[in-house]
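This report refers to the structure that appears directly beneath it.
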Amino acid sequence: MNDKLTPDIPGFDDPIGLLRACHERMLGHCDTLEKLVTHLREKGLDEDARSAITGITRYFTTSAVHHHEDEEQDLFPL
Numbered sequence: 001m002n003d004k005l006t007p008d009i010p011g012f013d014d015p016i017g018l019l020r021a022c023h024e025r026m027l028g029h030c031d032t033l034e035k036l037v038t039h040l041r042e043k044g045l046d047e048d049a050r051s052a053i054t055g056i057t058r059y060f061t062t063s064a065v066h067h068h069e070d071e072e073q074d075l076f077p078l
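In UniProt numbering, the protein residues as written are 1 to 78.
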């Protein structure tokens with residue numbers, strides 16, 4: 001059993017692992033967006049929907065902004 005409260009996140013010494021973790025977060029947000037469509041139809045713009053939208057927006061306007069640049073720099077440096 002894993003007793004950690006948070007998952008291990010790769011460090012900058014593991015750029016492939018770091019990018020993989022980033023892709024997993026992106027896919028998680030995409031899953032949430034898919035669920036949000038049904039949620040909005042059934043329950044409207046309630047607090048859960050607002051929270052999901054805020055989290056997704058925050059992620060894609062902060063952490064994910066430089067994702068492509070990070071991939072180019074770490075995977076295909078010149």
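Glycine included, every Cβ here is placed at the ideal spot set by N, Cα and C.
Just so it is clear, the structure is predicted and the values come from calculations on it, not from any experiment.
Taking the CA atoms as reference points, T32 sits about 33 Å from P77.
Taking the CA atoms as reference points, I56 sits about 16 Å from A21. Inter-residue distance for G17 and G11 is about 8 Å (C-alpha atoms, whole angstroms).
Scanning its chain for C-beta atoms nearer than 6 Å, with the 5 sequence neighbours on each side dropped, one finds around A52 the residues T32 and L36, in chain order.
The DSSP assignment places 15-43, 47-61 and 67-75 as complete runs of the alpha helix (DSSP H) inside the UniProt domain "Hemerythrin-like" (15-77), in order along the chain (cut-off: 4 residues). H29 is positioned such that its CB atom lies closer than 8 Å to that of Y59.
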